[in-house]
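Asker:
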Amino acid sequence: MSKITKIKNDAMVHDSLESALAAAQANVKSVAHDGKNDYSRYNYTTAEAMVKASISLFGDQQLAFDRKSYEFIVKHNLLMIKSVFNLTHGSTKEISEYTGEWPVVEKKGTPMDKALAAALTSSFAYIIRDVLKIPRLDEKENMDRRDDTEHKPNPHQPKPFQRPQQLKEEPEPSINKSRKWPEMVEKYKPLLPLVNMSLIEFGNLTPLQFKEIQAKIEKTKLKEIAREG
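In my numbering, the protein residues as written are 6 to 234.
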């Protein structure tokens, strides 16, 4: 059985990360909806509200939760970030590691930098919900519980961009057509042997394929450094 020792300010010091997390989960309540999607007409809890609610829940038990690292991966032809999170217990210095994946959705009006920022924020909020076991509100408006069979789009909301059906999808240009190609040659040419790829093969990659190879190169570099060390 876990031991708990009282300290002067009546906070509890747990003898393990597990017992501290259990105490944090015992104090969890649903986090109110503070955002509204005007297009799909549903209420939701913002990532900012979820993070704010977690600070005291973790802090009261001397727990800290943060993102240790993230990397780009390609999964099912989707660009995603794979994050590693650490839950640290201040009293015992124990660390528990969690991982999570989230899509990076670049689209009209959302360039890559904004898409990445949104993915980082959303993935952080959802892993917090999982770790603390924060229940969803029991409301019909909740996104995953509402009845959408009679859903009608907001007439005042601009329609999402759609490519005309009669137009054929243009093939994605290869990276050797990019203005940054000379810089990419200088940076990656010495590293291509790590992934057994010629410069011609490298130049014919699409941007999405490039991100996959880039991640593979970085992972191989780390392995080589570790081996040499």
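Note that the Cβ used here is the ideal one computed from N, Cα and C, for glycine as well.
Who are the Cβ neighbours of M117 in its own chain at under 7 Å, not counting the five residues just before and after it?
Answerer: Counting only Cβ-Cβ distances below 7 Å, and skipping sequence neighbours, we find E111.
Asker: What are the boundary residues of the alpha helix (DSSP H) that P187 is part of?
Answerer: From DSSP, the alpha helix (DSSP H) with P187 extends over 186-193.
Asker: Report the residue from K224, L68, V200 whose alpha carbon sits nearest the alpha carbon of Y75.
Answerer: Checked all of K224, L68, V200; the closest Cα to Y75 is K224.
Asker: Can you look up I86 in the DSSP assignment and give me helix, strand or coil?
Answerer: If DSSP states are grouped into helix, strand and coil, I86 belongs with the strands.
Asker: Would I132 and V36 be called neighbours here (beta carbons separated by less than 8 Å)?
Answerer: No, Cβ-Cβ distance for I132 and V36 is not below 8 Å.
Asker: In its own chain, which residues sit with a C-beta less than 8 Å from the C-beta of M202, not counting the 5 before and 5 after it?
Answerer: I218.
Asker: Pair every Cβ in the stretch 83-95 with every Cβ in the stretch 49-61, then say whether three or more of these pairs are closer than 8 Å.
Answerer: Contact fails: fewer than three Cβ-Cβ distances are below 8 Å.
Asker: So the candidates are L197, V200, L204, L196; which of them puts its Cα closest to the Cα of S179?
Answerer: Of the candidates L197, V200, L204, L196, the one whose C-alpha sits nearest the C-alpha of S179 is L204.
Asker: In the DSSP output, what is V79 paired with across the bridge?
Answerer: BP columns for V79 point to L84.
Asker: Report buried or exposed for L68, applying the criterion of at least 16 other Cβ atoms within 10 angstroms of its Cβ.
Answerer: Buried, since its Cβ has 16 or more Cβ neighbours within 10 Å.
Asker: Judging by CA-CA distance, which residue of S127, V190, E188, Y103 is the nearest neighbour of M55?
Answerer: M55 has its Cα closest to that of S127, out of S127, V190, E188, Y103.
Asker: Grab me the residues of V79's own chain with a C-beta within less than 6 Å of its C-beta, minus the 5 sequence neighbours each way, in chain order.
Answerer: The answer, listed in chain order, is E217.
Asker: Short check: CB of E99 to CB of L22, under 8 Å?
Answerer: In contact: E99 and L22 (Cβ atoms closer than 8 Å).
Asker: Under three-state DSSP, which class holds P198?
Answerer: Three-state DSSP puts P198 in a helix.
Asker: Among the residues of its own chain, which have a CB less than 7 Å from the CB of K194, if the five just before and after it don't count?
Answerer: Once the five neighbours on either side are set aside, the close Cβ partners of K194 are L204.
Asker: Measure the C-alpha to C-alpha separation of T2 and K57 and round it to an integer number of angstroms.
Answerer: It is not possible to answer for residue 2, since the shown part of the chain is limited to 6 through 234.
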